[in-house]
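When we follow our numbering, the leftmost residue of the sequence shown carries the number 39, and every step to the right adds one. For every residue, glycine included, the Cβ atom is placed at its ideal position computed from N, Cα and C. One structure below.
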Amino acid sequence: MRRGRWMIPVLLLAALAASALFVLNRSREVDTVPVRRASIVQSVVATGRIATPARIEVSSQLAARIERIMVREGDPVQAGAVLVQLYSDEAEAALVAARAALREAEGRQRQLVAVQRPVAEQQLAQAQANLQLAEQELARARDLVARGFVAQARVDDAVRGATNARAALLAAQAQAQANRDGGTEAELARTRIEQARANVASASARLELLTVRAPVDALVLTREAEPGDTAQTGRAILTLAQHGETRIVATVDEKNLRHLRAGQRASALADAFPGSAFEAELYYVAPSVDAQRGTVEVRLRVPQPPAFLKPEMTVSVEMVVGRRDSALVLVADAIREADGASAAGGAASVLVARDGRAEQVAVTLGLRGVGSVEV
C-alpha cells in the first residue's frame with residue numbers, strides 16, 4: 039500500500055515534465071500576410087493658416103477727430119472707397135485763408151492790367167511830351183540869349199527843365215516796362231498768383247487727408263477706433279486684408295524636406311469645415327530650417343478658394359509627394375525597421391515563412407502610404 043501511495047506523485051511529475059517539454063518544443067503559431075502589388079501614395083501632412091497677400095494698417099496722416107467710420111469688421115471694400123471721415127478746424131481754416139489769398143493775388147493782377155499798366159503808358163507818353171517841350175524851350179532860350187534878348191539865367195533854367203524831363207522820361211519808361219508782360223511788376227503778380235494757388239492746393243490736399251480711403255480692394259479685419267476718438271499719425275484705425283490670391287502658410291517636419299517640390303498638389307481642409315476639402319498647390323519651400331522647432335515653412339496657392347475661407351483660418355494640408363502604380367507593398371506592421379530606416383531606401387527587415395520556420399530577410403523601403411509600405 040505504501041508503494042502505491044508514493045508512485046502517484048512520481049507519475050504526476052513525469053506527466054508535467056512531458057507536458058512542459060511538449061510546449062517548449064512546439065512551434066509558435068503566427069499570422070502571415072502576403073506581399074501584393076497595388077497602387078501606393080505617399081503624402082506629407084501639415085497644419086497651417088490662411089494667409090492674405092498683405093495686411094494693411096489704415097491710419098491718418100493728420101492728428102484729427104474721427105467723425106465717422108464707414109465700415110465694420112468683415113466688410114469688403116473697394117479701392118478708393120471712403121473708410122473714415124475726420125474733422126479738423128485748423129485744416130478747414132487753412133483752406134479758407136489760402137483761397138482768400140488767391141483771390142487777392144488775382145485781384146492785384148487784374149488791377150495791374152486794367153489800371154496800373156494804362157496809367158504807366160500814359161505817364162510815359164506825357165514824359166516824352168514834356169521832354170520834347172523842355173528841349174524846345176532850351177533851344178529857344180539859347181537863341182534868345184545869343185540875340186541878346188534874355189540873360190543867361192534863362193538858358194540855365196531851360197537846361198534844368200530839360201534834365202528833369204529826361205529823368206522823368208527814364209522813370210516813366212522803367213515803370214511802363216515793369217507793368218508790361220514779362221516786366222518785373224507783371225512777373226511779381228504772376229508769382230503771387232502761383233504761390234497762392236500752390237497754397238490752395240496744399241490746403242486742399244491737407245483737407246483731403248481728412249477723408250481716409252481704401253488703398254486697395256480688401257476685407258476689413260479689425261476696427262481699432264471709434265467716432266469721437268482722436269486719430270494720431272501712424273496709429274492704426276482699421277486693419278485690412280488685401281484681396282488677391284488665397285494662400286496657405288504651413289510648417290512641415292524637416293525630415294520631409296526631401297519629398298517637397300514646387301508644383302505638388304495638395305488637399306486642404308479647414309478645421310471649421312471638416313467636410314469640405316479644397317485643392318491647393320505647393321509653390322514655395324523656405325530655404326532655411328527653424329532650428330528650434332525642426333520645421334520648414336511652406337506656402338501653397340488655393341486656385342479656387344471656397345467662400346467660407348477667412349484670413350488666419352486654421353487648415354490641415356495633405357501634400358502628395360509620391361505615387362506609384364503596381365508597386366510591391368506590405369502592411370507596415372509586418373516590417374521591422376532599424377534606426378534611420380524611416381527614409382525611403384532605409385534598412386529594414388521582415389520575417390519570411392520558409393519550410394515552417396520564420397527567417398529574417400532584409401528589404402529596402404520605398405514609398406509609405408497609409409498603413410502600407412513599398413518594398
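Discussion item. One question on the structure: do alanine 306 and valine 336 come within less than 8 Å of each other, judged by their Cβ atoms?
Written reply: no
Worksheet item: Cα separation between glycine 220 and leucine 171?
Response: 31 Å
Discussion item. Measuring alpha carbon to alpha carbon, tell me which residue in Asp393, Arg374, Arg406 and Val254 is nearest valine 399.
Written reply: Arg374
Worksheet item: Do you know offhand how far serine 81's Cα is from phenylalanine 346's?
Response: 25 Å
Discussion item. Taking the straight line between their C-alpha atoms, what separation do you get for serine 209 and asparagine 202?
Written reply: A small correction: the amino acid at residue 209 is alanine; serine does not occupy that position in the sequence shown. Rounded to the nearest angstrom, the two C-alpha atoms are 11 Å apart.
Item to complete: Given a cut-off of 8 Å, decide if leucine 176 and alanine 196 are closer than it, judged by their beta-carbon atoms.
Response: yes
Worksheet item: Between valine 134 and glutamate 319, what straight-line distance do the alpha-carbon atoms span, to the nearest angstrom?
Response: 57 Å
Worksheet item: Is the beta carbon of valine 254 less than 8 Å from the beta carbon of valine 96?
Response: no
Item to complete: Could you pull the start and end residues of the alpha helix (DSSP H) that leucine 169 belongs to?
Response: 155-184
Worksheet item: Span of the beta strand (DSSP E) holding serine 97?
Response: 93-97
Practice prompt. May I ask you to check if the CB of threonine 333 is nearer than 7 Å to at least one heavy atom of the ligand ATP?
Written response: Of the ligands one can find in the structure shown there are none, so the ligand ATP has no counterpart to examine.
Item to complete: Report buried or exposed for leucine 403, applying the criterion of at least 16 other Cβ atoms within 10 angstroms of its Cβ.
Response: buried
Worksheet item: Are at least three pairs of beta-carbons, each pair with one atom in the region 295-310 and one in the region 106-126, less than 8 Å apart?
Response: no
Practice prompt. Apply the 10 Å Cβ neighbour rule to arginine 155 and answer buried if 16 or more other Cβ atoms are within range, or exposed otherwise.
Written response: buried
Discussion item. If I follow the unbroken beta strand (DSSP E) through aspartate 291, where does it start and stop?
Written reply: 284-291
Worksheet entry | Residue of Ala391, Ala315, Asn168 and Gln123 minimising C-alpha distance to proline 72 | Ala391
Worksheet item: CB-CB under 6 Å to glutamate 19, same chain, minus the five flanking residues each way: which ones, in chain order?
Response: Because the chain here runs from 39 to 413, residue 19 falls outside it and cannot be looked at.
Discussion item. Check whether the region 155-164 and the region 211-220 are in contact - that is, three or more C-beta pairs closer than 8 Å.
Written reply: yes
Worksheet item: Per DSSP, methionine 357 is paired with what?
Response: Val82 and Ala304
Item to complete: Work out the CA separation of leucine 140 and glutamine 149 for me, nearest whole Å.
Response: 14 Å
Item to complete: Report yes or no: do three or more beta-carbon pairs, one from the region 121-137 and one from the region 221-239, lie closer than 8 Å?
Response: yes
Discussion item. Assuming arginine 218 is part of the alpha helix (DSSP H), what are its boundary residues?
Written reply: Note, arginine 218: premise wrong, no alpha helix (DSSP H); not H, not E.
Fill in: Proximal residues to threonine 90 (C-beta, below 7 Å), its chain only, five neighbours per side dropped
Ala279, Gln280 and Pro349
Worksheet entry | Residues near leucine 59 by beta carbon distance below 8 Å, same chain, minus five either side | Residue placement at leucine 59 cannot be trusted, given a pLDDT of 38 that sits under 50; what the coordinates show is reported in the next sentence. None.
Discussion item. For a test of the three-state rule: what should DSSP assign to threonine 90, helix, strand or coil?
Written reply: coil
Worksheet item: For leucine 248, does the three-state DSSP call read helix, strand or coil?
Response: coil
Fill in: Paired residues, beta bridge with valine 334 - DSSP
Val290
Worksheet item: What's the C-alpha gap between alanine 84 and valine 369?
Response: 24 Å
Discussion item. For alanine 386, list the residues DSSP reports as bridge partners.
Written reply: Glu375 and Val401
Worksheet item: Is alanine 340 helix, strand or coil when you go by DSSP?
Response: The sequence given here places valine at residue 340; alanine does not occur at that position. In this structure, valine 340 counts as strand in the three-state DSSP scheme.
Item to complete: Pull up the CB-CB distance for leucine 100 and alanine 165, whole angstroms please, since I reckon it's below 8 Å.
Response: No, leucine 100 and alanine 165 are not in contact; Cβ-Cβ is about 56 Å, not under 8 Å.
Worksheet item: To the nearest whole angstrom, what separates the beta carbons of serine 98 and leucine 121, a pair I think is in contact under 8 Å?
Response: With 8 Å as the limit, serine 98 and leucine 121 do not qualify as a contact, their Cβ atoms being about 11 Å apart.
Practice prompt. Go through its chain and collect everything with a Cβ distance to alanine 300's Cβ below 8 Å, but skip five positions before and after it.
Written response: Leu320, Tyr321, Tyr322 and Val323
Item to complete: From the DSSP output, read off the bridge partner residues of glutamine 280.
Response: Ala256
Worksheet entry | Nearest neighbour of glutamate 412, chosen from Ser387, Gly86 and Gln116 [CA to CA] | Ser387
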